[in-house]
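What follows is a set of notes on a single structure, which appears directly below.
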Amino acid sequence: SIMRLGDNRAMDVETISTGSLSLDIALGAGGLPMGRIVEIYGPESSGKTTLTLELIAAAQREGKTCAFIDAEHALDPVYAKKLGVDIDALLVSQPDTGEQALEICDALARSGAIDVMVVDSVAALTPKAEIEGEMG
12 SIMRLGDNRA MDVETISTGS LSLDIALGAG GLPMGRIVEI YGPESSGKTT LTLELIAAAQ
72 REGKTCAFID AEHALDPVYA KKLGVDIDAL LVSQPDTGEQ ALEICDALAR SGAIDVMVVD
132 SVAALTPKAE IEGEMG
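For the sequence shown, the residue numbers in the working numbering are 12 to 147.
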């Protein structure tokens, strides 16, 4: 169907705090929207993983279930804990291939049991064929 954008009533979208009041205010909605895919983009060592861990900590404080797909195999549990993440409650997967990571994401999303899912990082989602040297 086609409609005019002005005909669409405002939707109440639940948000979750990023863990940073100033960022929540800058986003204009009080945080990141739930049920949406959000990509955090920036140069290496710019704080993307830290931001996602702060988001997870804030979500866990609200009783939400979180998952961290560690495609980079670089998640530091000591650092995560210092940021307030309940590492005992955090679901973590370290997939070997991009396909495996996406299968895990799909299964978690379809389960309906996860409130916040982080994939760190999209750039590390290496196809199986590339890992096995089949791409030329």
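Every residue, glycine too, gets a C-beta built ideally from N, C-alpha and C.
Run of the beta strand (DSSP E) containing residue i, from where it starts to where it stops
| i | result |
| --- | --- |
| Val129 | Val127 to Asp131 |
| Val49 | Val49 -> no beta strand (DSSP E), and no H or E assigned at all. |
Same chain, Cβ closer than 6 Å to residue i, five either side skipped, listed in chain order
| i | result |
| --- | --- |
| Gln105 | Asp81 and His84 |
Expected contact under 8 Å - CB spacing of residue i and residue j to nearest Å
| i | j | result |
| --- | --- | --- |
| Thr29 | Glu65 | 6 Å |
| Ala78 | Met128 | 5 Å |
| Ile67 | Leu113 | The Cβ separation is near 20 Å, so there is no contact. |
| Gln71 | Val49 | No, Gln71 and Val49 are not in contact; Cβ-Cβ is about 18 Å, not under 8 Å. |
| Thr137 | Gly109 | 5 Å |
First through last residue of the alpha helix (DSSP H) which encompasses residue i
| i | result |
| --- | --- |
| Arg15 | Counting along the chain, Arg15 falls outside any alpha helix (DSSP H), and DSSP gives it neither H nor E. |
| Ala124 | Premise fails: Ala124 is in no alpha helix (DSSP H) and is neither H nor E. |
| Asp35 | Leu32 to Leu38 |
Sequence-distant residues of the same chain with beta carbon closer than 7 Å to residue i, five excluded per side
| i | result |
| --- | --- |
| Leu62 | Thr29 and Ile51 |
| Val103 | Phe79, Asp81 and Leu86 |
Contact set for residue i: own chain, Cβ-Cβ below 8 Å, skip 5 residues either direction
| i | result |
| --- | --- |
| Ile98 | Pro88, Ala91 and Lys92 |
| Ile142 | Asp107 and Thr108 |
| Gly74 | none |
Can you list the alpha helix (DSSP H) stretches of 4 or more residues lying completely in the stretch 49 to 103, in chain order? For the alpha helix (DSSP H) assignment, the uninterrupted runs of no fewer than 4 residues enclosed by the stretch 49 to 103 are, from N- to C-terminal side, 59 to 72 and 88 to 93.
With three or more C-beta pairs closer than 8 Å as the rule, is the stretch 110 to 128 touching the stretch 86 to 95? With a cut-off of 8 Å, the stretch 110 to 128 and the stretch 86 to 95 do not count as touching, because too few Cβ pairs lie within range.
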